[in-house]
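Input: a single structure, listed below in structure tokens.
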């Protein structure tokens with residue numbers, strides 16, 4: 001399987017998604033459209049991963065619009081997709097739904113709660129990394145997957161092929177440190193009231209890796 005990853009800032013990479021890809025013998029290609037403007041074609045994409053970033057799907061940038069063209073083509077072809085944070089927002093925006101300011105800026109570790117059992121074996125509650133102040137609207141055609149105490153729209157699943165999450169399952173400890181040391185000013189104003197050190201020193205819950213792998217297995221499974 002060829003996994004094409006759209007990375008949107010240097011400090012938010014695929015993290016534990018790379019481990020899953022390696023364990024399954026898949027090949028990963030990482031694109032940086034914000035810097036180089038290049039995107040994969042739909043024909044060479046078996047799984048598209050759309051990562052987070054500091055931009056908004058509402059920004060008037062050509063490459064952001066080009067991403068949505070690719071997303072729409074893959075939706076039409078029933079190709080698996082996984083979106084994290086901005087990536088999930090892009091999927092929702094492609095489907096015609098708004099991306100708006102969230103009720104609260106969430107930056108740091110906080111629980112999310114499963115709202116559907118459509119993906120088997122996901123825990124009812126997980127402590128995850130949040131890094132956002134905008135949110136997607138859950139598409140009518142999708143199923144609500146996760147919520148948090150402050151922002152209800154935390155995850156959706158569409159047609160057994162697409163999952164969008166407002167939060168981050170993918171960072172390992174090294175990735176969290178990279179996010180924080182480079183983007184620590186963004187922590188200011190978060191309702192979670194956590195310091196940079198507190199975010200860095202939080203042990204990565206082992207169940208986050210399991211949940212991420214469960215989701216990736218689910219969207220890439222044979223129908």
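Numbering (UniProt numbering), first residue to last: 1 to 223.
The C-beta atom is built at its ideal place from N, Cα and C for all residues, glycine as well.
All figures in this text were calculated on a predicted structure; none of them were measured in a lab.
Residue j and residue i - do their beta-carbons sit closer together than 9 Å?
i           : j           : result
residue 172 : residue 200 : no
residue 152 : residue 98  : no
residue 1   : residue 50  : no
residue 28  : residue 213 : no
residue 157 : residue 119 : yes
residue 53  : residue 107 : no
residue 45  : residue 72  : no
residue 154 : residue 210 : no
residue 91  : residue 162 : yes
residue 8   : residue 26  : no
residue 139 : residue 96  : yes
When DSSP builds the beta bridges, which residues end up paired with residue i?
i           : result
residue 288 : A query on residue 288 cannot be resolved here, the shown segment of the chain reaching from 1 to 223 and no further.
residue 144 : 156
residue 114 : 146
residue 163 : 82, 157
residue 168 : 129
residue 30  : 5
residue 47  : 3
Between residue i and residue j, what straight-line distance do the alpha-carbon atoms span, to the nearest angstrom?
i           : j           : result
residue 60  : residue 110 : 31 Å
residue 77  : residue 47  : 11 Å
residue 55  : residue 3   : 23 Å
residue 195 : residue 186 : 11 Å
residue 14  : residue 178 : 12 Å
residue 165 : residue 131 : 11 Å
residue 150 : residue 222 : 36 Å
residue 160 : residue 62  : 30 Å
So, under 8 Å CB-CB, residue i and residue j are touching, yes? Tell me the CB distance rounded to an integer number of Å.
i           : j           : result
residue 42  : residue 74  : 6 Å
residue 191 : residue 167 : Between residue 167 and residue 191 the Cβ distance is about 14 Å, and since that is not below 8 Å, they are no contact.
residue 20  : residue 216 : 5 Å
residue 193 : residue 169 : So it is not a contact: roughly 23 Å between Cβ atoms.
residue 115 : residue 148 : Not confirmed; about 11 Å, so no contact.
The stretch 121-135 contacting the stretch 19-37, beta-carbon criterion three pairs below 8 Å: Counting Cβ pairs under 8 Å, fewer than three are found: no touch.
Any 3 or more C-beta pairs closer than 8 Å across the stretch 66-79 and the stretch 102-120: No, they do not touch.
Would the stretch 85-98 count as touching the stretch 181-189 if we require 3 or more Cβ pairs under 8 Å? The stretch 85-98, when compared against the stretch 181-189, does not touch it at the 8 Å Cβ threshold.
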